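Protein chains: 2
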Amino acid sequence: MPDTVLPGHGSGGKLMNDLIHDTIRETLGSESIQLDDSAILQLPGRQIAFTTDSYTITPIEFPGGNIGSLAVNGTVNDLAVMGAAPLYLSCSIILEEGLPLDELKRVLQSMRAAADYAGVSIVTGDTKVVPRGKGDKIYINTAGIGVFNSPPQRHDILPGDAIIINGFIGDHGTAVMAERNKLSFSKGLSSDCAPLNMLIRQVIQSYPESIRFMRDATRGGVASVLNEITKDRPFGAKLIENSLPVHDEVRGVSELLGIDPLYIANEGKVVIIADGKDAPAIVEEMKKVPEGKDSAIIGEITDDYTGSAYITTRVGGNRMLPLLIEEQLPRIC
Amino acid sequence: MPDTVLPGHGSGGKLMNDLIHDTIRETLGSESIQLDDSAILQLPGRQIAFTTDSYTITPIEFPGGNIGSLAVNGTVNDLAVMGAAPLYLSCSIILEEGLPLDELKRVLQSMRAAADYAGVSIVTGDTKVVPRGKGDKIYINTAGIGVFNSPPQRHDILPGDAIIINGFIGDHGTAVMAERNKLSFSKGLSSDCAPLNMLIRQVIQSYPESIRFMRDATRGGVASVLNEITKDRPFGAKLIENSLPVHDEVRGVSELLGIDPLYIANEGKVVIIADGKDAPAIVEEMKKVPEGKDSAIIGEITDDYTGSAYITTRVGGNRMLPLLIEEQLPRIC
């Protein structure tokens, strides 16, 4: 077997068959991946969540994960924040000719480990190969199906609701940028890439009526999530700077790069809008799950600055958090 | 609005929001695409088919279709050949910086038209942008969900079964290669890109017990499908050269390129293995549907050459059809 990706690995012939059987299925789980044109699945219910995401991150390996674990966790999280239990993933890979197969294997191994940890199965897939200079090592698409064991978690947001997050913000984007730019002082940085479904299940089971809205804060960070939920609505979203969990290393690198951690992508953080009176108890519940151990209330929904997100700074002023024209960190997911 | 894709079109900011709202959702169908992290879907049953495919074809526009119609039909067909009724598609797009937005719009319009014709809804999506030289205009992933109104069409294949195809072979790959290489004498060539779900529904409804196996003959062509079903099995698959529907233009171009039409990709052809005694009636049923008007019996399952595909040539000899090491036409889907 060759040790890099060849054009023929993407064809309908023996080379592709060998790659799919010996490398991809073997690693991702030959017991779960069905080889037919489609996987046949038996669902426990008739209401499902369906999502898709393509991952084009560079570099493909970074502290705390790689494009494989990212592709599993990112799609698991898009299902989980709807209140759905993620069950099945597809995996479609675009390989650039010349990619060392060892790198591919590490990525696939991470996908498998992430799927096992999150409790989802990869059931169907596809492989394409593009020539050198028409891709960038590997792009992965995962689509996902989840089922609803309780109704979708989407309710009206009201002033007085609390804004909760499950830990430190900005880790993923900062770690990827530091790795990409070989920043030597960034040793402590690591992506927060993690599945949120166990955490969210814990919250839903304990406080099924208290959750208004959940969203994972990926591209555009926490500030973009808050912009989305306040846009054209009769309330504002206020953050308290003193309450924001930000690692010192993230603060340092983001200051150096001139970037606000509130706009930096996370890959294991969920913004939860919840009934204000239940928020402290919800945070305690979240802390019981590994992915929620640093959970905190970071702000509230207000009657002020309707339609906007803003932050009350350490010195007591309010600073607006507008939707940015573009992300400052390209290709972080 | 700019007229080419910019890096910021892939970020979590306003530029991406505008692209998604004004161009993508508007064209693909704002009434069906849900804007949340996942689409919430109500299914008519609990057994589903789930599939995924990434499309990296070049050129992205070709006689008979473009990457958009291909991405819809290809995934619809992967569901249909299982015997499932395709219902929902996701659409994830990787755009190369610099792509003219007009080209993107044409692709999206074709996706929408193909989805409408096939009767499926695009319900969720994702957009990423990669820098110049890290992609090739546009790559599209579609994942699809179908439901089973009757059991999956997978039964034991037996000697005496007929091999049926719904029309001319090799059109897609030949048309794309001719377009790519600007072959001036190839005016009559056009891709067969089409959805197979209406055709297959007709067959299943009329002859539910007679179908053993169906597979769309894409990468690797008809020969690769027959290799797949005969591999390590106690029967062979025999084609009759005189019965094979091949357009003269396809024969001409494939001879020029030194390629056998049996190995050329199709995008609207299904190989059906069916009970031999019902095969003529099935072919008549197929001819009632536009996508089946040139249907024909092209061979049979035999006790000879077990584990192999072969063809009885015009002069009466048998020629083996081995699985190729690699596809001769790269990036045709």
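So the protein sequences, as listed, match chains X and E.
Heads up: the first sequence runs through residues 22 to 354, numbered per the numbering used here.
Heads up: the second sequence runs through residues 22 to 354, numbered per the numbering used here.
Every residue gets a Cβ at the ideal spot worked out from N, C-alpha and C, and that includes glycine.
Note that the coordinates shown come from a computational prediction; the quantities given were computed from them, not determined experimentally.
Asked, Found
"Measure the C-alpha to C-alpha separation of Leu247 of chain X and Ile190 of chain E and round it to an integer number of angstroms.", "53 Å"
"Could you tell me whether any Cβ in chain X is nearer than 9 Å to the Cβ of Asp281 of chain E?", "no"
"Go through its chain and collect everything with a Cβ distance to Pro301 of chain E's Cβ below 8 Å, but skip five positions before and after it.", "Ile318"
"Could you give the DSSP three-state label for Ser142 of chain E: helix, strand or coil?", "strand"
"According to DSSP, is Val26 of chain X helix, strand or coil?", "coil"
"Using a Cβ-Cβ cut-off of less than 9 Å, list which residues of the region 139-157 of chain E approach chain X; keep chain order.", "Val144, Thr145, Gly146, Asp147, Thr148, Lys149, Val150, Val151, Pro152, Gly154, Lys155, Gly156 and Asp157"
"Kindly indicate which three-state DSSP category Gln68 of chain X falls into: helix, strand or coil?", "strand"
"What beta strand (DSSP E) runs, 3 residues minimum, are completely inside the region 100-175 of chain E?", "106-117, 142-151 and 159-168"
"Thinking Leu350 of chain E and Gly194 of chain E are a contact (beta carbons under 8 Å), I'd like their distance in whole angstroms, please.", "5 Å"
"Just checking Cys214 of chain E against the ligand FMN - is the residue's beta carbon closer than 8 Å to any of the ligand's heavy atoms?", "The ligand FMN is absent from the structure shown, which contains no ligands of any kind."
"To the nearest whole angstrom, what separates the beta carbons of Ile159 of chain E and Leu116 of chain E, a pair I think is in contact under 8 Å?", "6 Å"
"My output table needs one value for Glu288 of chain X: the three-state DSSP class, helix, strand or coil.", "coil"
"Scan the region 53-65 of chain E for residues whose Cβ lies nearer than 7 Å to a Cβ of chain X and list them as they occur along the chain.", "Asp57, Asp58, Ser59, Ala60, Ile61, Leu62, Gln63 and Leu64"
"Short of 9 Å Cβ to Cβ, which residues in the region 64-80 of chain E face chain X?", "Leu64, Pro65, Gly66, Arg67, Gln68, Ile69, Ala70, Phe71, Thr72, Thr73, Asp74, Ser75, Tyr76, Thr77 and Thr79"
"Kindly list the residues whose CB is nearer than 7 Å to the CB of Pro180 of chain E, restricted to its own chain and excluding five residues on each side of it in sequence; keep chain order.", "Phe256, Ile322, Thr323 and Asp324"
"Spell out a yes or no on whether the region 62-72 of chain X and the region 59-66 of chain E are touching, meaning 3 or more CB-CB pairs, one atom from each, closer than 8 Å.", "yes"
"Out of curiosity, what's the CA-to-CA distance linking Ile114 of chain E and Glu82 of chain X?", "22 Å"
"Can you pull the chain E neighbours of Ala317 of chain X, defined as C-beta to C-beta under 7 Å?", "In chain order: nothing, as chain E lies at least about 22 Å away."
"Mind pulling the alpha helix (DSSP H) runs of 4 or more residues that sit fully within the region 292-340 of chain E?", "300-307"
"Using three-state DSSP, classify Ile232 of chain E as helix, strand or coil.", "strand"
"Pull up the distance between the alpha-carbon of Asp123 of chain E and that of Asp24 of chain E, whole angstroms please.", "7 Å"
"Mind listing the chain E neighbours of Ala105 of chain X? Cutoff is C-beta to C-beta under 7 Å, in chain order.", "Ser59"
"Are the C-beta of Met132 of chain E and some C-beta of chain X separated by less than 9 Å?", "no"
"With 7 Å as the limit, tell me which residues of the region 107-119 of chain E have their beta carbon closer than that to any beta carbon of chain X; keep them in chain order.", "Tyr109, Ser111, Ser113 and Ile115"
"Contact criterion: CB-CB distance below 9 Å. Does Gly241 of chain E meet it with respect to chain X?", "yes"
"Are there 16 or more other CB atoms within 10 angstroms of the CB of Gln226 of chain E, so buried, or fewer, so exposed?", "exposed"
"By a C-beta neighbour count over all protein chains shown, 10 Å radius and 16 as the cutoff for buried, is Ser90 of chain E buried or exposed?", "buried"
"So with CB distances below 9 Å, who are the chain E contacts of Arg236 of chain X?", "Asp57 and Asp58"
"What would DSSP say about Glu270 of chain X, mapped onto helix, strand or coil?", "helix"
"Check distances from the C-beta atoms of the region 330-344 of chain E to those of chain X and list, in chain order, the residues that come in under 8 Å.", "Leu344"
"Would you call the region 31-38 of chain X in contact with the region 32-43 of chain E, where contact means no fewer than 3 C-beta pairs closer than 8 Å?", "no"
"Step through the CB atoms of chain E and report whether any lies within less than 9 Å of the CB of Asn38 of chain X.", "yes"
"Could you check if Val291 of chain X is buried or exposed, using at least 16 other CB atoms within 10 Å of its CB as the buried criterion?", "buried"
"Should Tyr326 of chain X be flagged as near chain E, meaning a C-beta pair shorter than 9 Å?", "no"
"So, is Met346 of chain X buried or exposed, given that buried needs 16 or more other C-beta atoms within 10 angstroms?", "Looking at the sequence shown, residue 346 of chain X is not Met but Ile. Burial call: exposed."
"Count the other CB atoms within 10 Å of the CB of Gly337 of chain X; is the residue buried (16 or more) or exposed (fewer)?", "exposed"
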